[in-house]
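Undergrad: I'd like to ask some things about the structure below.
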Amino acid sequence: MKFGFSYPWALSILLSAFVWLGAPASAQDNYPIGPGDVLEISFLSNPTFDRRVQVGIDGSVFLPLIGELNVRDQSINNLRERVADLMAGSVFREREGSEFVLVSVDSDEVILEVAEYRPIFVDGAVNSPGQQSFLVGMTARQAIAGARGLVNEMQVTPSQSEVRNHPRVLMADLVGVLAEMAVYEAILNNTGEIDFTEIERLNAPEQLINNAIGLARSQLATSSDILTEELSFLDTSVLEAEARIISALRHEESVTGIVETEEAEVTRIEGLVARRLASSELLTQTRRLYLQAIDRLGNVQADRLEAEADRRQLVLERNQAVRERALEIQARLQELSQQASQLRVRIELTSVGPVTLDGNETATVAPRIVIFRQIAGQAQEIDAQPETPLIPGDVVNVSLRN
Numbered sequence: 552m553k554f555g556f557s558y559p560w561a562l563s564i565l566l567s568a569f570v571w572l573g574a575p576a577s578a579q580d581n582y583p584i585g586p587g588d589v590l591e592i593s594f595l596s597n598p599t600f601d602r603r604v605q606v607g608i609d610g611s612v613f614l615p616l617i618g619e620l621n622v623r624d625q626s627i628n629n630l631r632e633r634v635a636d637l638m639a640g641s642v643f644r645e646r647e648g649s650e651f652v653l654v655s656v657d658s659d660e661v662i663l664e665v666a667e668y669r670p671i672f673v674d675g676a677v678n679s680p681g682q683q684s685f686l687v688g689m690t691a692r693q694a695i696a697g698a699r700g701l702v703n704e705m706q707v708t709p710s711q712s713e714v715r716n717h718p719r720v721l722m723a724d725l726v727g728v729l730a731e732m733a734v735y736e737a738i739l740n741n742t743g744e745i746d747f748t749e750i751e752r753l754n755a756p757e758q759l760i761n762n763a764i765g766l767a768r769s770q771l772a773t774s775s776d777i778l779t780e781e782l783s784f785l786d787t788s789v790l791e792a793e794a795r796i797i798s799a800l801r802h803e804e805s806v807t808g809i810v811e812t813e814e815a816e817v818t819r820i821e822g823l824v825a826r827r828l829a830s831s832e833l834l835t836q837t838r839r840l841y842l843q844a845i846d847r848l849g850n851v852q853a854d855r856l857e858a859e860a861d862r863r864q865l866v867l868e869r870n871q872a873v874r875e876r877a878l879e880i881q882a883r884l885q886e887l888s889q890q891a892s893q894l895r896v897r898i899e900l901t902s903v904g905p906v907t908l909d910g911n912e913t914a915t916v917a918p919r920i921v922i923f924r925q926i927a928g929q930a931q932e933i934d935a936q937p938e939t940p941l942i943p944g945d946v947v948n949v950s951l952r953n
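The sequence shown begins at 552 in our numbering and counts up by one.
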């Protein structure tokens with residue numbers, strides 16, 4: 552409808568909304584408009600007013616003739632009704648010849664649609680995480696397909712924890728522990744043979760048992776060599792001390808003979824001096840030689856006693872080393888026994904799961920889909936299924952679980 556009078560500019564600009572073509576009724580009625588969405592306004596009576604406006608981060612848009620309007624979290628239908636109320640009586644100026652006329656706008660002549668939806672985001676265990684354009688009716692399965700599917704086609708390498716708790720790995724650990732125990736028991740008993748009875752009783756692969764037995768025998772030989780090397784120095788020192796004792800005894804025996812000879816010579820010279828057949832000077836010289844012999848005997852006896860003391864100390868050190876080694880082995884055996892008991896319990900309680908240890912196999916897992924969604928300013932975390940419908944702005948996180 553036209554009014555025949557001049558006016559400098561239009562009083563306001565119109566916005567109206569009607570139909571969201573091609574959208575399902577539920578999405579059309581319930582979808583909350585949010586930042587990033589693009590609204591398209593079409594004027595049937597005057598296409599020059601047609602606009603595409605993007606919803607700002609604060610949820611506002613600027614509409615001709617109405618101005619700034621906050622549309623955040625409003626459904627498209629609610630927004631159409633609101634705009635229809637705001638545009639009541641709106642007119643725009645149109646030139647006809649040399650005059651401007653005001654033209655009223657009927658709300659039926661304005662169409663409001665969501666032209667573009669804000670994107671969704673897919674992350675986690677997908678081949679191509681990132682942003683995707685939203686399509687009406689889109690589901691989580693379609694979003695995952697748009698991200699080029701799950702990593703490794705729903706297969707995942709077993710984690711370190713899963714591998715360590717696998718019954719086969721636990722059995723291998725138990726075989727190793729029992730083999731080490733058998734080695735230490737053989738060392739403690741000072742025998743060259745290892746008792747593999749406990750290992751052979753296990754329900755373990757034959758190759759695993761054979762490998763453990765071979766390794767245990769090699770370890771026994773190495774440990775015996777190390778123990779022998781540790782004690783050989785003390786044994787050599789003891790033998791050296793014993794050789795010194797023997798040498799000192801022989802020297803003492805020789806010097807004792809000299810002392811006895813000198814003592815007899817002093818007695819003989821004293822008899823000659825008494826009968827005035829020898830001088831007193833000869834007696835003095837003989838006595839001096841006798842005292843020197845006694846002094847040499849004392850030194851030799853001191854050397855023997857020192858050698859005997861050294862031997863006793865070395866024997867004590869060797870025995871102490873053997874005892875300490877035995878205590879270390881017993882402590883290690885006790886520790887290994889506790890480990891073996893724990894491994895037996897874990898093997899009994901652990902059932903074989905989907906994770907395998909073969910090099911060419913992987914573990915099939917099921918995806919977990921979580922949708923993070925903002926509704927009316929509230930963050931929601933939704934456990935979803937592949938057919939769960941999405942709305943614009945959703946963040947879809949995919950993880951793989953056993």
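Virtual Cβ for every residue (Gly too), placed ideally from N, Cα, C. In this text the structure is predicted, and so the values were computed from the model without any measurement.
For residue 903, which residues of its own chain have a beta-carbon under 7 Å away from its beta-carbon, when the five flanking residues on both sides are left out?
TA: As a working mapping, residue 903 is identified with position 352 in the sequence shown. Caution is warranted here: a pLDDT of 41 is assigned to residue 903, below 50, making its placement in the model unreliable, and no coordinate value can be reported.
Undergrad: Go ahead and pull the three-state DSSP assignment for residue 597.
TA: If you number the sequence shown from 1, residue 597 lands on position 46. Under the three-state reduction of DSSP output, residue 597 falls in the coil class, being neither helix nor strand.
Undergrad: Would you call the stretch 796-810 and the stretch 751-771 touching, i.e. three or more CB-CB distances under 8 Å?
TA: The answer is no - the stretch 751-771 does not touch the stretch 796-810, with fewer than three Cβ pairs under 8 Å.
Undergrad: For my contact list, residue 724 and residue 867 are in at a C-beta cut-off of 8 Å; report their separation, rounded to the angstrom.
TA: Here residue 724 is taken as the residue at index 173 of the sequence shown, counted from 1. Here residue 867 is taken as the residue at index 316 of the sequence shown, counted from 1. Residue 724 to residue 867, Cβ: 40 Å. No contact.
Undergrad: Could you check the C-alpha separation between residue 962 and residue 851 for me, to the nearest Å?
TA: Look at the range of the chain in this structure, 552 to 953, and you will see that residue 962 is not part of it.
Undergrad: By the 10 Å Cβ neighbour count, where 16 or more other Cβ atoms means buried, how is residue 943 classified, buried or exposed?
TA: Taking the first residue of the sequence shown as position 1, residue 943 is located at position 392. Per the 10 Å Cβ criterion, buried.
Undergrad: Pick helix, strand or coil for residue 592, following the three-state DSSP scheme.
TA: The sequence position of residue 592 within the sequence shown is 41, counting from 1. Of the three classes helix, strand and coil, the one that applies to residue 592 here is strand, per DSSP.
Undergrad: Identify, in the order they occur along the chain, each residue of the same chain with its Cβ nearer than 8 Å to the Cβ of residue 677, setting aside the five sequence neighbours on each side.
TA: Within the sequence shown, the letter at position 126 stands for residue 677. 695, 698, 699, 700, 701, 702, 949.
Undergrad: Could you pull the start and end residues of the beta strand (DSSP E) that residue 611 belongs to?
TA: Start at 1 with the first residue of the sequence shown, and residue 611 comes out as number 60. Residues 611-614.
Undergrad: Is DSSP giving residue 768 helix, strand or coil here?
TA: Mapped onto the sequence shown, residue 768 falls at position 217. In the structure shown, residue 768 sits in a helix (DSSP, three-state: H, G or I).
Undergrad: How is residue 787 classed by DSSP in three states: helix, strand or coil?
TA: Your numbering for residue 787 matches position 236 in the sequence shown. Residue 787 falls in the helix class under three-state DSSP.
Undergrad: Starting from residue 660, trace the alpha helix (DSSP H) in both directions and tell me its first and last residue.
TA: Stepping through the sequence shown from its first residue, residue 660 is reached at position 109. DSSP places residue 660 outside any alpha helix (DSSP H), giving it a letter other than H or E.
Undergrad: Terminal residues of the continuous alpha helix (DSSP H) containing residue 847?
TA: Within the sequence shown, the letter at position 296 stands for residue 847. Element bounds for residue 847: 831-900.
Undergrad: Using only CA atoms, which one of 828, 837, 766, 941 lies nearest to residue 815?
TA: By 1-based counting over the sequence shown, the position of residue 815 is 264. Among 828, 837, 766, 941, the Cα nearest to that of residue 815 belongs to 837.
Undergrad: Let me confirm a value: residue 896 is counted as buried when at least 16 other C-beta atoms fall within 10 Å, else exposed. Which label applies?
TA: Within the sequence shown, the letter at position 345 stands for residue 896. Classification for residue 896: exposed.
Undergrad: If I follow the unbroken beta strand (DSSP E) through residue 933, where does it start and stop?
TA: Counted from its first residue, the sequence shown places residue 933 at position 382. It spans 929-935 - the beta strand (DSSP E) in which residue 933 sits, taken as one unbroken run.
Undergrad: What is the rounded straight-line gap between the Cα of residue 930 and the Cα of residue 602?
TA: If you number the sequence shown from 1, residue 930 lands on position 379. If you number the sequence shown from 1, residue 602 lands on position 51. Those two C-alpha atoms are separated by around 32 Å.
Undergrad: Classify residue 583 as buried or exposed, calling it buried when 16 or more other Cβ atoms lie within 10 Å of its own Cβ.
TA: Residue 583 sits at position 32 when you count from the first residue of the sequence shown. Classification for residue 583: buried.
Undergrad: Consult DSSP for residue 679 and reduce its assignment to one of helix, strand or coil.
TA: On the sequence shown, residue 679 is found 128 positions in, with the first residue counted as 1. Residue state, collapsed to three classes: coil.
Undergrad: Just checking, does the stretch 784-792 make contact with the stretch 739-749 on the three C-beta pairs under 8 Å criterion?
TA: no
Undergrad: Between which two residues does the beta strand (DSSP E) holding residue 605 run?
TA: Looking up residue 605 in the sequence shown gives position 54. Looking at the DSSP string, the run of the beta strand (DSSP E) that includes residue 605 is 602-605.
Undergrad: Quick one: residues in its chain with C-beta nearer than 8 Å to the C-beta of residue 938, no 5 flanking neighbours on either side, listed in chain order?
TA: For the purposes of this step, residue 938 is taken as residue 387 along the sequence shown, with counting starting at 1. If we look at residue 938 and ignore the five residues flanking it on each side, its Cβ neighbours are 690, 691, 692.
Undergrad: Tell me which residues share the same chain as residue 604 and place their Cβ nearer than 6 Å to its Cβ, disregarding the 5 neighbours each side in the sequence.
TA: Residue mapping note: residue 604 aligns to position 53 of the sequence shown, counting from 1. These residues qualify, in order along the chain: 590, 612.
Undergrad: Who pairs with residue 925 in a beta bridge, going by DSSP?
TA: In the sequence shown, counting from the first residue as 1, residue 925 sits at position 374. Paired residues: 930.
Undergrad: Let me confirm a value: residue 935 is counted as buried when at least 16 other C-beta atoms fall within 10 Å, else exposed. Which label applies?
TA: Counting from one through the sequence shown, the residue named residue 935 turns up at place 384. When all chains shown are included, residue 935 counts as buried.
Undergrad: Under 8 Å from any heavy atom of the ligand FAD, does the C-beta of residue 649 make it?
TA: The model depicted lacks the ligand FAD and carries no ligand whatsoever.
Undergrad: Just reading off the alpha helix (DSSP H) that residue 751 is part of, what are its end residues?
TA: Within the sequence shown, the letter at position 200 stands for residue 751. 748-751 is the extent of the alpha helix (DSSP H) around residue 751.
Undergrad: Which two residues bound the contiguous beta strand (DSSP E) that contains residue 621?
TA: The count along the sequence shown starts at 1 and reaches residue 621 at position 70. Counting along the chain, the beta strand (DSSP E) containing residue 621 begins and ends at 618-621.
Undergrad: Give the DSSP-derived three-state secondary structure of residue 696 in the structure shown.
TA: As a position in the sequence shown, residue 696 is number 145, starting the count at 1. It is helical.
Undergrad: Ignore the nearest five residues each way along the sequence and tell me which others in residue 922's own chain have a CB closer than 6 Å to its CB.
TA: The residue labelled residue 922 in the question sits at position 371 within the sequence shown. Hits under 6 Å: 933, 935, 945, 947.
Undergrad: Give every residue of the same chain whose Cβ lies closer than 8 Å to the Cβ of residue 734, excluding the five residues on either side of it in the sequence, and list them in chain order.
TA: Within the sequence shown, residue 734 is the residue found at index 183, counting from 1. Within the same chain, residue 734 has close Cβ partners 745, 767, 770, 771, 774.
Undergrad: So, helix, strand or coil for residue 918, using DSSP?
TA: Counting from one through the sequence shown, the residue named residue 918 turns up at place 367. DSSP places residue 918 in strand when its eight states are reduced to three.
Undergrad: Using only alpha-carbon positions, find the residue among 657, 848, 683 that is nearest to residue 813.
TA: Indexing the sequence shown from 1 puts residue 813 at position 262. Selected option, being the one with the closest Cα: 848.
Undergrad: Do you know how far the Cα of residue 653 is from the Cα of residue 625?
TA: Here the question's residue 625 lines up with position 74 in the sequence shown. Here the question's residue 653 lines up with position 102 in the sequence shown. Rounded to whole angstroms, residue 625 to residue 653 spans 32 Å at the Cα level.
Undergrad: Buried or exposed: where does residue 684 fall if 16 or more other Cβ atoms within 10 Å of its Cβ makes it buried?
TA: To locate residue 684, count along the sequence shown from 1; it is residue 133. Its Cβ having fewer than 16 others within 10 Å, residue 684 is exposed.
Undergrad: Name the two residues that bound the continuous alpha helix (DSSP H) containing residue 631.
TA: Taking the first residue of the sequence shown as 1, we reach residue 631 at position 80. Looking at the DSSP string, the run of the alpha helix (DSSP H) that includes residue 631 is 627-637.
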